[in-house]
Amino acid sequence: MLTLLKYIGGRVWNRPSDFVKLRWHHCGQVEKISKVLIANRGEIACRVMKTAKKMGIQTVAVYSDADADSMHVDMADEAVRIGVAASGESYLRQDRIIEAAKRCGAQAIHPGYGFLSENAEFAELCHDSGIIFVGPPPSAIRDMGIKSTSKSIMSAAGVPVIEGYHGDDQSDSNLLSEAEKIGFPVMIKAVRGGGGKGMRIAQTKEDFLPQLESARREAQKAFGDQVMLVEKFVSEPRHVEVQVFGDKHGNYVYLFERDCSVQRRHQKVIEEAPAPGLTWEERKSIGEAAVKAARAVNYVGAGTVEFVLGAKDHKFYFMEMNTRLQVEHPVSEMITGTDLVQWQLQVAAGEPLPVTQEQLQVNGHSLEARIYAEEPGADFMPGAGPLIRMTTPPARPDVRVETGVRQGDEVSVHYDPMIAKLVVWAENRQAAIIKLKEQLSQFNVVGLNTNIDFLMSLCSHKEFLAGNVHTNFIPEHQATLFPERSLTSSLIAQATVAALLTERAQLQYLRNDPYDPFSATDSFRLGHNPTWEKELSYLDKPLKVKWTERSNGVFTVDLDGQTVEISGVLVKSPNGETFLKSHINGKMNKCRVERVDGEIYIFTK
30 MLTLLKYIGG RVWNRPSDFV KLRWHHCGQV EKISKVLIAN RGEIACRVMK TAKKMGIQTV
90 AVYSDADADS MHVDMADEAV RIGVAASGES YLRQDRIIEA AKRCGAQAIH PGYGFLSENA
150 EFAELCHDSG IIFVGPPPSA IRDMGIKSTS KSIMSAAGVP VIEGYHGDDQ SDSNLLSEAE
210 KIGFPVMIKA VRGGGGKGMR IAQTKEDFLP QLESARREAQ KAFGDQVMLV EKFVSEPRHV
270 EVQVFGDKHG NYVYLFERDC SVQRRHQKVI EEAPAPGLTW EERKSIGEAA VKAARAVNYV
330 GAGTVEFVLG AKDHKFYFME MNTRLQVEHP VSEMITGTDL VQWQLQVAAG EPLPVTQEQL
390 QVNGHSLEAR IYAEEPGADF MPGAGPLIRM TTPPARPDVR VETGVRQGDE VSVHYDPMIA
450 KLVVWAENRQ AAIIKLKEQL SQFNVVGLNT NIDFLMSLCS HKEFLAGNVH TNFIPEHQAT
510 LFPERSLTSS LIAQATVAAL LTERAQLQYL RNDPYDPFSA TDSFRLGHNP TWEKELSYLD
570 KPLKVKWTER SNGVFTVDLD GQTVEISGVL VKSPNGETFL KSHINGKMNK CRVERVDGEI
630 YIFTK
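Take the position in the sequence shown, starting the count at 1, then add 29; the result is the number in the working numbering.
Here is the structure:
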């Protein structure tokens, strides 16, 4: 029996009365928290609400016009409209969010991630309005929010930093001169950057000025600031980050590290904990460095200290600190048996951390795959539109599906196209990868292109299986991660029979008389086996298929002279899903079948 999700280092909070809800002030006064507003949307809003409800705290959602019928609005006890679809007129409107909290009587605001979560001005506005900001103090957000400032603080605190220029002279000539002193290749970064925006690599002196200009344009658009820093670029770097936590009593712990090296466009695709290949001594060293970073800015709450790790020598260097809960926090929860959102609410209320460093242990291995509406084969171009059909693996202690959308919802052009996070746990890394691939095969979407097939390809890649990951992993293995799509005769045969049997079942249902010989939907004819034609579609290209059905229920499917004999039957699963079970050349196959608006979709593993 799995016990990985057992709450450790303190009592389990089962009833509202178990959680003493306090508001902390420097003067020592306390105040009960009975309601929290989540200043966010989608998956993270739903995630915070689940824990808040478990703790007996009422929840308030905010929403834009685009999210009026969304999942997080339905989950909340109350919901307040804050503007139109554009985030600048809704989720980034600090005044409207504060007003919503006051109107509903919420004593605390949880910012989630993104939007206002790392905005020092918003944190101050919450404090000035008498509302608890579930996050670090504004001073810590400021110190860590400007990369040049944070590098100086880290260096003074004894945290390893990469050699670089973080100065005020931002002229082209000076930055180029500093880059030459550092030595190419160099990384150009926006000091207020994040999420891979405002970041470029200059491999040579000739590359530098064009890349600098490109980074400045992107930084100005994303952050309203063009100030850059220049650092030595570590070849084949790994992105390893440490989950840290501090309270208002001066206690700090690290909940071990996560490897987030596999990225596209400097954005994470798959994350895992612990990082593969580290020794316990290396794990302890990087964890203690992260705690030093948190102490240096008097950090409170959940934070993530990001490091660049040499793929071969495992030397690590401070990169930045994210002063919020991370998208990938569930993998840390899975290996430590904790609820980090619960810790956030407890610490924000003034309680001490529930565990000491000595009580925290690594148990097993966890991976998280981010499922996006996007087209991996077109440079991961984001998509938008309706989720006509969406089926997910059933949740259980070792499998989590974290999402903010349901079947029938819209993935909006206004926000991030993430559909869900699929998180798994197993006793070791190899078992966790096998489990992740199996669960991905059960995650089926109709209506939008997704990266699910790409994630399954990634889980099968020999270098990923070996743990040889780095931030250039996807470009380096482009050919093997994106093999040319081709249809096998077996798959064509399954698609043909699935379409035929589904149409027959629908026709039989409409006629509703199984005993009327004139209602029969098979192709039985006296004296011969007729041949029929059917048109299928693959990658928006038509396929003309011929098929013949014999009296014993065996089909012969012909595509351009290549024939396959197949027998099959449609079956219903206990949860109502339809599957085609077929036999081809003595081998049994199984695929899920969806009928949507007269079209047939099949999903294979």
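Glycine included, C-beta positions come from ideal geometry on N, C-alpha and C.
Close beta carbons around arginine 171, own chain, < 7 Å, minus the five adjacent residues each side: Ala149
Leucine 696 to proline 405 span [Cα, whole Å]: Residue 696 is absent from the model: the chain starts at 30 and stops at 634.
Less than 7 Å between the CB of leucine 121 and some heavy atom of the ligand ATP, yes or no? Ligands in the displayed structure: none, and consequently the ligand ATP is not present.
Please return the same chain residues whose Cβ sits closer than 6 Å to the Cβ of glutamine 371, not counting the five positions on each side in sequence. Thr80
Could you check where the beta strand (DSSP E) with leucine 382 kicks off and where it finishes? Careful: leucine 382 lies outside any beta strand (DSSP E) and carries neither H nor E.
Using the C-alpha atoms, what's the distance from aspartate 445 back to threonine 509? 27 Å
Give me the Cβ distance between valine 269 and phenylalanine 347, rounded to the nearest whole Å; I'm assuming they're in contact under 8 Å. Not a contact, Cβ separation roughly 11 Å.
Top-ranked residue by Cα proximity to leucine 565, from Ala522, Thr592 and Gln388: Ala522
Keeping to the same chain, check which residues put their C-beta closer than 7 Å to that of glutamine 637; ignore five residues upstream and five downstream. No answer is possible for residue 637: it lies beyond the span of the chain, which begins at 30 and ends at 634.
Among the residues of its own chain, which have a CB less than 6 Å from the CB of valine 452, if the five just before and after it don't count? Pro359, Glu397 and Arg429
Any idea what DSSP makes of glycine 605, helix, strand or coil? coil
To the nearest angstrom, how far is the alpha carbon of isoleucine 595 from that of glycine 582? 9 Å
Quick one: what does DSSP say arginine 554 is sitting in, helix, strand or coil? Residue confidence is low: arginine 554 scores 49 on pLDDT, short of 50, so the model does not pin down where it sits. No coordinate-derived value is stated.
Name the two residues that bound the continuous beta strand (DSSP E) containing serine 93. 87 to 93
Roughly how many angstroms lie between the CA atoms of glycine 85 and phenylalanine 237, to the nearest whole one? 55 Å
Below 8 Å on the Cβ atoms is my guess for arginine 293 versus alanine 304; work out the distance and round it to an integer in Å. Contact flag wrong, Cβ pair sits at about 19 Å.
So, helix, strand or coil for glutamine 296, using DSSP? strand
Option nearest glycine 412 by Cα separation, candidates His394, Gly476 and Gln471: Gly476
Take the Cβ of threonine 560 as the centre, count every other Cβ of all protein chains shown within 10 Å, and call the residue buried at 16 or more, exposed below. exposed
For cysteine 419 versus glutamine 436, is the C-beta distance shorter than 8 Å? One detail in the question is off: residue 419 reads as methionine in this sequence, not cysteine. In contact: methionine 419 and glutamine 436 (Cβ atoms closer than 8 Å).
Check whether the Cβ atoms of alanine 461 and histidine 394 lie closer than 8 Å to each other. yes
Starting from the C-beta of asparagine 392, find all residues in its chain whose C-beta is less than 8 Å away, skip the five residues before and the five after it, and write them out in chain order. Leu33, Ile364, Thr365 and Gly366
Could you please give me the residues that DSSP links to glycine 223 through a beta bridge? Lys226
When we look at the beta-carbon of valine 598 and count the other beta-carbons within 10 Å, is it buried (16 or more) or exposed? exposed
Buried or exposed: which applies to alanine 129, given that a residue is buried once 16 or more other Cβ atoms fall within 10 Å of its Cβ? buried
Other residues of its chain near glutamate 153: CB distance less than 8 Å, five sequence neighbours each side excluded: Pro167
Specify the secondary structure class of histidine 506 as computed by DSSP and reduced to three states. coil
So, is alanine 318 buried or exposed, given that buried needs 16 or more other C-beta atoms within 10 angstroms? buried
Would you report the Cα separation of lysine 634 and threonine 517, rounded to the nearest angstrom? 14 Å
Give me the residue from Ser202, Lys61, Asp98 and Ile182 with the minimum Cα distance to isoleucine 160. Lys61
So for phenylalanine 274, helix, strand or coil by DSSP? strand
Going along the chain, which residues of its own chain have a beta-carbon closer than 6 Å to the beta-carbon of histidine 343, five neighbours each way excluded? Glu311
What three-state label does DSSP hand glycine 134 in the structure shown? coil
Given a threshold of 16 other Cβ atoms within 10 Å of its Cβ, counted over all protein chains shown, does asparagine 473 qualify as buried or as exposed? buried
With a 10 Å radius around its C-beta and 16 neighbouring C-beta atoms as the bar for buried, classify glycine 227 as buried or exposed. buried
Determine the closest residue to leucine 374 out of Glu72, Gly71, Arg70 and Arg76, with distance taken between C-alpha atoms. Arg76
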